[in-house]
Amino acid sequence: MKLSHNNTRALLFVLGIICLTWSSVSWYVEQSIDSISIALLALGISSLLICVMTQYFSSQRRFHFSQWRKRGITTIVILMAFIFTVGVNVFAYSLEYRWDLTLDKQHTLTKSTIDFVKGTNKSIELTALYVGLPPKYLEDLFNEYERVSNGNITTTIIDPLIEIGQAAQFGNVISSNEKKLVIQSGSEKKEIDFSESSLTEEQLTNALIRVTRPQRQVYFLTGHGELSFENEDNQGLAHFSKLLEANNISSKNLMLGIENQVPDDCDVLIIAGPRTDLTEKEQRLIGDYLNQGGDALFLIENVVVTTPDQPITAEQEGKNPSLNSILNQWGVNVENDIVVDLSSHIGGDVGSPATRNYINHKAITAGLDYSFYVRPRSISVLAERRSTIRLAPIVLTQSKEKSWGETNRTLAIHFDEGIDTPGPVAISYVIWEEKEEDEISDTRIIVFTDADFISNVYLDRYSNASMGLNVVNWLSELDYTVFLDQKEVSVERLDLTSKQRRMITALLFFMPLLIAVGGIFVWMIRGFRSTVS
């Protein structure tokens, strides 16, 4: 009879929990309470009260010290499990590492974005105007940006048809089908319309760059057959220009023979592979610009090669000038050879060396993989130069024993000691000179003996794009990590009504509750049986 009474109390407890849960879930899902919910609520409370009262007044129920100890241990274990669970989640949230199992890694920010967001110290507000229930990917994307921003980024998602007053501060009233993101930092503001496709990390990070970084201006020298940033063909630099634009660096052409000076707003002068010589006047203007603290990127193209039966003509000899008349003043000389690497090259062309043999430079080469160059030339250092000039190679060939600067331009590839330049061969140099005058900034120059590596056809290969953008960033005295990664996210949406969403939430809550109630029920039965025995 005692066991029967104990079982009755256990059943009353379970019945009370079920009734209370049913009533609460019904109210949450329907957002209203009816007579059935009230009845279930009353029945649940009554069942729990009866269970507690009969347990309390049961004269035949005596708790021994061992039973209290068991219950104490159980309670401690539950509390420790709770603390452990909360601690693990807090710890996991604070770490930057994530295990993203989605196909497109849509819940993981790229390293470029994380480095940029962590590096910014400006307050940024992200406001998404989204009619209806916002997609989960948008909430996750916002959460990740907030998480890595050290409190500098705040995000809000509002429905402009419901929160009219809050949406009005952003200007135009949007339609029911339009989705818009507003990025604000101080007085800077940018908008992104993602009505037709999902909002991507690339779009968002590029917008953040534009509102937080000062804009830089680069000028591409023209008039000598240089590679053009407006050219969409394989040999053009249009794709590179777009990457510059994404990093808030705008591009303009400069016809120096007409302008007669390098513009005052020029942050970096880019000379991208001239095919013919510059005039003495143009060389003098560039020299003056550099002496006054200007920054420049020289991209020198390859010398012309031939075969033994076809001698090099005078016209071919003068094609793709070395610009040594300018560069010699800064302590370097571009040789008339072709750098070859028999061990590390692209395809079957030993004259297109692939390398990751970089001199350590945090802003330029840190984290880069291989980059490759099409028929570059070697660079040597002049002994006679100003003591204030600092020189360092940036890129060298990968192989030491099987790379050299080949001076034989008839394609007879063979290392001639004392004539050819032994490897590893420097194909890029950085030049820096600190000015003593306070009003003149330091001069920064970088020389690459190839322009093709940032052309449209080769830009997206290996780390070519990163190398090109890092170089321009450093020259413009903005030593920050560039944003390159392009990650398209395919979003499979499941549109739910608000009621359906509450039903799913209630179900997710109800399932662990049932497990917990079942566990308590079994624990109570075992406790009652041990008491009787």
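Here our numbering runs 1022 ahead of the position in the sequence shown, where the first position is 1.
C-beta: ideal position from N, C-alpha, C; glycine also.
- A residue is called buried once 16 or more other Cβ atoms fall within 10 Å of its Cβ, and P1333, having fewer, is exposed.
- DSSP links E1428 through a beta bridge to I1360.
- Leaving aside the five residues that flank S1145 on each side, the residues in its chain whose CB is nearer than 7 Å to its CB run, in chain order, N1174, S1207.
- A1376 is a Cβ neighbour of Q1420, given a cutoff of 8 Å.
- The C-alpha of P1330 is placed about 46 Å away from the C-alpha of Q1314.
- Short of 6 Å from the beta carbon of S1393, and not among the five residues preceding or following it, lie these beta carbons of its own chain, in chain order: Y1484, S1485, N1486, M1489.
- Taking K1424 as reference, the option from D1442, A1318, L1413 with the minimal CA-CA separation is D1442.
- Taking 8 Å as the cut-off, the Cβ atoms of G1245 and G1279 count as close.
- Along the length of the segment 1263-1320, whole beta strand (DSSP E) runs at least 3 residues long occupy 1271-1276, 1290-1294, reported in chain order.
- For the pair E1323 and I1476, the Cα-to-Cα distance works out to about 12 Å.
- When C-alpha distances from I1453 are compared across G1427, V1417, L1413, N1430, the shortest belongs to L1413.
- At a Cβ-Cβ threshold of 8 Å, N1355 and L1349 count as neighbours.
- Excluding five sequence positions before and after D1056, none of the CB atoms of its chain fall closer than 6 Å to its own CB.
- Boundaries for E1185: no alpha helix (DSSP H) harbours it, and the DSSP string shows neither H nor E there.
- The segment 1136-1153 makes contact with the segment 1170-1184; the number of CB pairs closer than 8 Å reaches 3 or more.
- Under the three-state reduction of DSSP, A1229 is assigned to helix.
- With a cut-off of 8 Å on Cβ pairs, the segment 1266-1274 is in contact with the segment 1217-1234, counting three or more such pairs.
- Judged by DSSP in its simplified three-state form, T1410 adopts coil rather than helix or strand.
- Approximately 6 Å separates the beta-carbon atoms of I1386 and V1493; this is inside 8 Å, confirming the contact.
- One thing to note: Y1152 has its Cβ no nearer than 8 Å to the Cβ of K1211.
- The alpha carbon of S1048 has as its nearest neighbour, out of G1038, F1035, L1160, L1062, the alpha carbon of L1062.
- DSSP, reduced to helix, strand and coil, places N1172 outside both helices and strands of the structure shown, so it counts as coil.
- For R1378, the closest C-alpha among the options V1417, I1368, L1345, S1409 is that of V1417.
- F1035 carries a helical assignment under DSSP once its states are collapsed to helix, strand and coil.
- From the listed residues R1169, L1155, L1160, the smallest Cα separation to I1184 is found for L1155.
- Proximity to P1444 across W1426, E1458, E1455 peaks at W1426, based on C-alpha coordinates.
- A residue is called buried when at least 16 other Cβ atoms come within 10 angstroms of its Cβ; N1282 does not meet this threshold and is exposed.
- Burial check for I1060: the Cβ neighbour count within 10 Å stays below 16, so the residue is exposed.
- For T1149, the enclosing beta strand (DSSP E) starts and ends at 1146-1152.
- By alpha-carbon distance to S1069, the top candidate from P1157, F1106, T1030 is T1030.
- Membership of Q1206 in the beta strand (DSSP E) is indicated by the continuous run 1201-1207.
- Between the C-alpha atoms of Q1239 and L1291 there is a straight-line separation of about 9 Å.
- The Cβ atoms of A1448 and P1415 sit closer than 8 Å to each other.
- Cβ neighbours of E1168 within its own chain (closer than 6 Å, five residues either side excluded): I1175, T1177.
- Secondary structure of H1261 (DSSP, three-state): helix.
- For V1447, there is no enclosing alpha helix (DSSP H), since its DSSP letter is neither H nor E.
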